[in-house]
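Residue numbers (the numbering used here): 1497 to 1769. Backbone N, C-alpha and C fix where the C-beta goes; we use that ideal spot for every residue, glycine too. These numbers come from a predicted model, not from an experiment. Single-structure report; data block below.
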């Protein structure tokens, strides 16, 4: 059983987020046949939350990011990382939830304990951040109002072999299915880096220099998108996914590698920060 905390967003917010979570009816039926229990705590799902796979208690405990203070990374409070960053290679990044103790527990259950039932939930939560990002693009007067493809932060070979999957890739594939957007691998790790969560900001910056390189097929993939988008009048936009945004160093290094070689704009979409 995964424990709970008690942040409570307004009722109107719950209603809006629930609309973003909706699954196709066939998928709801398939998941209902599999289990009627909450994917997080194992309790009985309420009828109002059938499409989420959650009981009402778990749903209302989610610490949604409902207000953005930093316009670059979407942090809900002051952001020293973006202020100190000399060059930002991504346009914006948005996250669905705060990375509190409950969200850490949920992610650990998926990444390290193999609870694959959480993947549809996580991707559904990211739909919330996606809609927020689209809304901000429209409000800022950007040409066009969407993205051409989804990509993801790659994992080094040794860690991939150890875990068996890349959670960022899995989230990207699931989100792409929901949003009807193509998922394109653009990057690979050029060398091994230790886990970033244990490092200071300065150590992250130094360790990530040259850590990524463009895949050989990336240029052709973007060229095909350009052909299909000819005449649109707005640039190719890539939505780059990862599970957690901490300082933005990984996202910025990935965006630098992509934009130095490809004529695209990179935006970040994270599950938590």
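Check                                                                                                                              : Outcome
Cutoff 6 Å; reference residue 1679; Cβ partners in own chain excluding five residues on either side                                : 1646, 1668, 1669, 1672
Limits of the beta strand (DSSP E) - the one that residue 1677 falls within                                                        : Element bounds for residue 1677: n/a, residue is neither H nor E.
The segment 1597 to 1606 / the segment 1645 to 1662 touching (three or more Cβ pairs under 8 Å)                                    : no
Buried or exposed by the 16-neighbour rule on C-beta atoms within 10 Å, applied to residue 1502                                    : Any reading at residue 1502 is ruled out, since the residue's pLDDT is 41, under 50, leaving its predicted position unreliable.
Residues near residue 1573 by beta carbon distance below 6 Å, same chain, minus five either side                                   : 1565
Limits of the unbroken beta strand (DSSP E) element including residue 1592                                                         : 1589 to 1593
Segment contact, 8 Å Cβ cut-off, at least three pairs: the segment 1760 to 1768 with the segment 1586 to 1599                      : yes
Other residues of its chain near residue 1614: CB distance less than 7 Å, five sequence neighbours each side excluded              : 1535, 1602, 1605, 1606
Residue 1601, enclosing alpha helix (DSSP H) - first and last residue                                                              : 1597 to 1607
Bridge-paired residues (DSSP) for residue 1709                                                                                     : 1684
Which of helix, strand or coil DSSP assigns to residue 1571                                                                        : coil
Sub-8 Å separation of residue 1681 and residue 1711 beta-carbons                                                                   : yes
Residue from 1758, 1642, 1609 with nearest C-alpha to residue 1675                                                                 : 1642
Contacting residues, own chain, Cβ-Cβ under 7 Å from residue 1666 (five flanking each side not counted)                            : 1615
Backbone CA spacing between residue 1743 and residue 1575 [nearest angstrom]                                                       : 9 Å
Assigned secondary structure, residue 1702 (DSSP; H/G/I helix, E/B strand, else coil)                                              : helix
Residue span of the alpha helix (DSSP H) that contains residue 1724, given as start and end                                        : 1714 to 1724
Neighbourhood of residue 1521 by C-beta, 8 Å cutoff - its chain only, sequence neighbours within 5 removed                         : Reliability fails at residue 1521, whose pLDDT of 42 lies under 50, so the model's placement of it is uncertain and the value that follows must be treated cautiously. Closer than 8 Å at Cβ, skipping near neighbours: no residue.
Best match in 1738, 1578, 1718, 1749 for proximity to residue 1759 [C-alpha to C-alpha]                                            : 1718
Option nearest residue 1621 by Cα separation, candidates 1554, 1657, 1683, 1662                                                    : 1554
6 Å Cβ shell around residue 1628 - same chain, five flanking residues per side excluded                                            : 1590
Rounded straight-line distance, which links the Cα of residue 1552 to that of residue 1529                                         : For residue 1529, the predicted structure reports a pLDDT of 46, less than 50, and the residue's modelled location is therefore unreliable. A value from the coordinates is still provided. Cα to Cα, the separation comes out at about 20 Å.
Helix, strand or coil at residue 1764 according to DSSP, with G and I counted as helix                                             : strand
Whether residue 1747 touches residue 1736 by CB criterion (8 Å)                                                                    : yes
Chain-order list of residues whose beta-carbon lies under 7 Å from that of residue 1721 (same chain, five-residue window excluded) : 1644, 1645, 1732
Residue interval of the beta strand (DSSP E) (run including residue 1736)                                                          : 1732 to 1740
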